[in-house]
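The block underneath contains the structure these notes are about, expressed in structure tokens.
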Amino acid sequence: MSNAFRAAAALGLTLSLTAVAQADGDAARGQARFQDCAACHKLEAGSNDVGPSLHGIFGRKAGTLSDFRYSPAMKRSGISWTPETLDKFITEPQAMVPANRMPYAGMASPSDRADLIAYLEKMSK
Amino acid sequence: MTTKLKEVDVVIVGLGWTGGILAKELAESGLKVVALERGTPRTSENDYSLPNIRDELRDVVRHDLMQNTARDTLTGRNTPSQEALPMRRLGSFLPGEVVGGSGVHWSGHTWRWTDMEFKIRSNYEERYGKKFIPDDMTIQDWGITYAELEPYYDKFEYTAAVSGKAGNINGKIQPGGNPFEAPRAREYPLPPLTPILSSEMFSDAARNAGYHPFPRPSANASQPYTNPDGSKFGACQYCGYCQRFGCEANAKGSPHMTVIPSAMRNPNFELRTHSWVTKVIKDNDGKRVTGVTYTNVLNGEEFEQPAAMVLLCAYAINNVHLMLLSGIGTPYDPVAQKGVIGKNYCYQTGAGATLFFAGKYFNPFMSAGGSNATIDDFNINWEFDRGPHNFVGAYNVNGGFNTALPIGYRPVPRGTPQWGSEWKRATAKWYQTAMTIGASGSVMANRYNCYDLDPTYRNAFGQPLMRMTFDYKANEHRMGTHAAQVINDIAKSMNPTQLNPATARTDPWTVVPYQSTHNTGGTIMGTNRGDSALNKYLQSWDCHNLFVVGANVFPHNASYNPTGPVGALAYWTADAIKNRYVKNPGPLVAA
């Protein structure tokens, strides 16, 4: 097996695992995971705190709420928030958007992230 | 011209931990509360997030969160025979001056002081006899017990998100905790922080020497946490910027993100910032106070705020200053040993060693207020016999990092030049590979260590500056010598490549360098009006509707950081006011 093929296979595996994990995400469990975020993020529209409001996050372009002061890194990131991009971001925020200003080291467990994202999908509408 | 405002139930002077706790509790009980804070409003979202944080130049070198000495400062001297001179730049201690006070820039160390302090004179006289206590050592019992304060310690720890490991729950010793601590009703709200390498190495060495290391309890949330009031904490990120900084992760228990926003949501509460209280007004008969006068420091306007109750909740030094400026209680005279206001000013002492380990990488930039380990074998361990060492008091020993900042933290072996290319080489070589072991020691009250009003120097409002007379006495020198020996024995057992050994602090106290923002005493609590300013509920013996809250009520200083009992006593006083004083205003203890 060539290295390129191996890498592609690994990537495919990761993507499919992510998809499975998200499908299995449990919003009720995700509420407990949201404790990690709640000191800085609110779910109500227009309610910015240390971090921006997460209301309507899915489908939003990163760094675009007009009344929140984002880091230049986040404004430049070009990310569009989907369950997949958010999953990647909260795995290790500084890896995906270096020099963003969220003081959070990351959530290592894929199932925890899936639960959190399921919760956010439900509560951010 | 002074504008007289409408009377309120309670006016609070200073909005840090104590003012915030009392504001929240009393507003919730239905009282109309106004807080006057001389500093600016600050919030985590606007002020303690990037790019305003982790700025050592702004916060450590330029004291952004601290009292401005161009407006008000102290004069200092070592003995009553000297002329005191004004401290024109902060150094030895750093009073905070923003909404949240020193509770914004503290490290988070939260201790429970025990009956070893509250019954200090009785304890030492009983065990060692009256003669063991030097004649000029004016220590006295506090008039309160640990059992009375336990529920209030608990309340403060759960409010501030203290991470730690209990050592004694209801009398049962708990593995991994501090075996010498007084019994607590339950575990800490959060488990200890993750230990760092230097703290683990210290713990191993201390254990091998027969001591009892445990993780230092600290209001740095080890996990996300919601406190009983609904305030939300993020998990500590170990960024190392606790002491002297606001926390960017909302992980450090601070009044500006807990009790103060709770009070602000209550319509009974109003905060006025930039409001500098110059005087507490006494009634004609001297038995009550009627309110305060204050100046808006932005425009110079003067106001009188009448109130049924006045609570002094400013920094410990400023509470005492305000009592002296307002002529409440009899000023203390160290020569005649008469009077009480200004009596028993105390500080803390210490000793420290730096250990250098070639080839070890400590990553000192990763730490938190509570990432150290501590031993209390020479502190609240009453089995430790002070007799042969001839000192009253105690010290705790810590190993590991707390705040090791890029400008200020430059450990080099003794003998290294203090500047130039050799210093540069040494600082690059040793930055990663050094760790410290330090002791924090008590300072006993002494008749000559005190506050009064300076006869010469005045502040921006034309009022006399506070004058501080202080020095370490022979008792503290003897204790420091003992502490240095213990530190050096532990350090040597760890076989460092090089060691800067600890030495006792025996030079006279000066206002530089930074030593500790643990200034205590001046309006002390006690059992009778002859030798204390306040009763056990922190109520003035002279004016029953005046309460003075903070470390200024401590009759002496222990080795522990003061915020635990400061927070607990604020809750204790809030209960006394809500449950007893409001129903029947008058002295809560018969004079």
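If you read the protein sequences in the order shown, they are chains A and B. Residue numbers for the first sequence follow the numbering used here, beginning at 1378 and rising by one. Residue numbers for the second sequence follow the numbering used here, beginning at 104 and rising by one. Where a beta carbon is used, it is the ideal one built from N, C-alpha and C, also for glycine. A quick note: this is a predicted structure, and the numbers were derived from the prediction, not measured.
Exposure of residue i, with buried meaning 16 or more beta-carbon neighbours within 10 Å
| i | result |
| --- | --- |
| B:W379 | buried |
| B:K222 | buried |
| A:S1457 | exposed |
| B:D332 | exposed |
| B:Q451 | buried |
| B:H359 | buried |
| A:D1426 | buried |
| B:R165 | exposed |
| B:Q170 | buried |
| B:H492 | exposed |
DSSP-derived helix/strand/coil call for residue i
| i | result |
| --- | --- |
| B:A324 | coil |
| A:C1414 | helix |
| B:M628 | strand |
| B:L649 | strand |
| B:A138 | strand |
| B:Y227 | helix |
| A:V1397 | For A:V1397, the predicted model reports a pLDDT of 43, less than 50, meaning its position is unreliable; a value from the coordinates is still stated below. Residue state, collapsed to three classes: helix. |
| B:Q566 | coil |
| B:V546 | strand |
| B:T381 | strand |
| B:S301 | helix |
| B:M582 | helix |
| B:K335 | strand |
| B:E373 | strand |
| B:K355 | strand |
| B:H212 | strand |
| B:I272 | strand |
| B:Q601 | strand |
| B:G496 | coil |
| B:V202 | coil |
| B:S365 | helix |
| B:D239 | coil |
| A:G1407 | helix |
| B:R528 | helix |
Below-8 Å beta-carbon distance, residue i vs any chain A residue
| i | result |
| --- | --- |
| B:P327 | yes |
| B:N353 | yes |
| B:E159 | no |
| B:S147 | yes |
| B:G203 | no |
| B:F406 | no |
| B:F564 | no |
| B:Q521 | no |
| B:F336 | yes |
Min CB distance residue i to chain C below 8 Å
| i | result |
| --- | --- |
| B:Q170 | Among the protein chains of the structure shown, namely A and B, there is no chain C. |
Residue-chain proximity (residue i, chain B), Cβ-Cβ < 8 Å
| i | result |
| --- | --- |
| A:S1486 | no |
| A:D1413 | yes |
| A:A1416 | yes |
Amino acids of chain B, ordered along the chain, whose beta-carbon sits closer than 9 Å to that of residue i
| i | result |
| --- | --- |
| A:S1448 | L153 and P154 |
Partner residues on chain B for residue i, Cβ-Cβ distance less than 7 Å
| i | result |
| --- | --- |
| A:D1426 | E148 |
Chain A residues whose Cβ lies nearer than 8 Å to that of residue i
| i | result |
| --- | --- |
| B:Q340 | P1480, Y1481 and A1482 |
* Taking only runs that begin and end inside the segment 387-472 of chain B, name each unbroken alpha helix (DSSP H) of 4 or more residues, in chain order. => 419-429
* **Whole runs of the alpha helix (DSSP H) within the segment 650-688 of chain B, excluding any shorter than 4 residues** => 666-679
* Asked: What residue ranges within the segment 1427-1475 of chain A form continuous alpha helix (DSSP H) runs of no fewer than 4 residues, ordered along the chain?
  -> 1449-1453, 1460-1468 and 1470-1473
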